[in-house]
Amino acid sequence: MSGRRLLAALFAAAVALAGCAGTPASQVPSATGGASATTVATATPWPTPELREDEVALQAADGIVLIATLRGEGPTGVVLAHMNGGQASDWDPLTDALVDAGYRVLALNLRGNGRSQPPMESASLPLDVEAGAQYLRDAGADRVVLAGASMGGTTVLAAAAAAQPAAVVVMAAPRVFEGLELTENELAQLTMPKLFVTAEHDPLRDSFDQIVAMAAPPSEEATYPGIEHGTRLFGGSHAADVIRRIAAFIEAEAAG
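Just so you know, this note's numbering puts the end of the sequence shown at 265, numbered straight through with nothing missing.
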């Protein structure tokens, strides 16, 4: 059985033992393990949808059920967090490259997006990324990298202190997204390697530059011509170099 099928089977078995379809999400054993498994869930009951072969279900610390795509194998896992209104598949061009390079990639549908459980509460988004990082560790990843675009970039930075990744990749993130705000003190404490990627005329460039200025070293910047925002860079004229740059950073800083 493949790693993906085994994880899906284990999650399904856990749900069955808890009472299967009639069991509220708050009673399903957490897929995140550790502290999250003992957190009292506050989410309302929500049925887990039927999963594709490349999908897994996991539970955030507040009980919200997330649906994510899981692809690849390897000792380094990468958690991907999409832009506002986006979904896991927005990362497919990068995911393909990382899987081919030997990484295990978990692309989240953040709460309230895709088929993950609503509501989409911005202040709680870091819990989703923390759950994704713990899921990969429980699945055997020795190291975890967090990557996010726009809203997802703000989210991975907000989650980084708790998730303790080996490195972080941020694409065109605003310093403030609705109820989620990155403070100078928080950013100053994130001492893991960071790669900041954006377009020269990105609409959120000013807010993104605030993050870059406040971030603790070490950090790197990669700025591309154009106006493509976040993961839209994967569809632009510089897509191949953007993907190569991110993959090279992960290889240098987190592959071990």
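Glycine is no exception: its CB is placed at the ideal position from the N, C-alpha and C atoms.
All values derive from a computational prediction rather than experimental measurement.
In the structure shown, A170 adopts helical secondary structure according to DSSP, grouped into three states.
Residue pairing of L204 in beta bridges, as defined by DSSP: V178, E229. In the structure shown, A158 adopts extended strand secondary structure according to DSSP, grouped into three states. For Q219, there is no enclosing beta strand (DSSP E); the residue is found in the alpha helix (DSSP H) stretching over 214-223.
In this structure, DSSP gives A69 a state outside helix and strand, which the three-state scheme calls coil.
Secondary structure at L79: strand, using DSSP grouped into helix, strand and coil. For Q198, same chain residues with a beta-carbon under 8 Å away, outside a window of 5 residues either side, are A170, A225 in chain order. Take E193, set aside five residues on each side of it, and the residues of its chain with a beta-carbon closer than 6 Å to its own are M223, in chain order. Leaving aside the five residues that flank V178 on each side, the residues in its chain whose CB is nearer than 6 Å to its CB run, in chain order, A156, L204, I255. The region 109-122 makes contact with the region 77-87, as at least three CB pairs between them are under 8 Å. Within the model, the alpha-carbon separation for P58 versus R124 is close to 8 Å.
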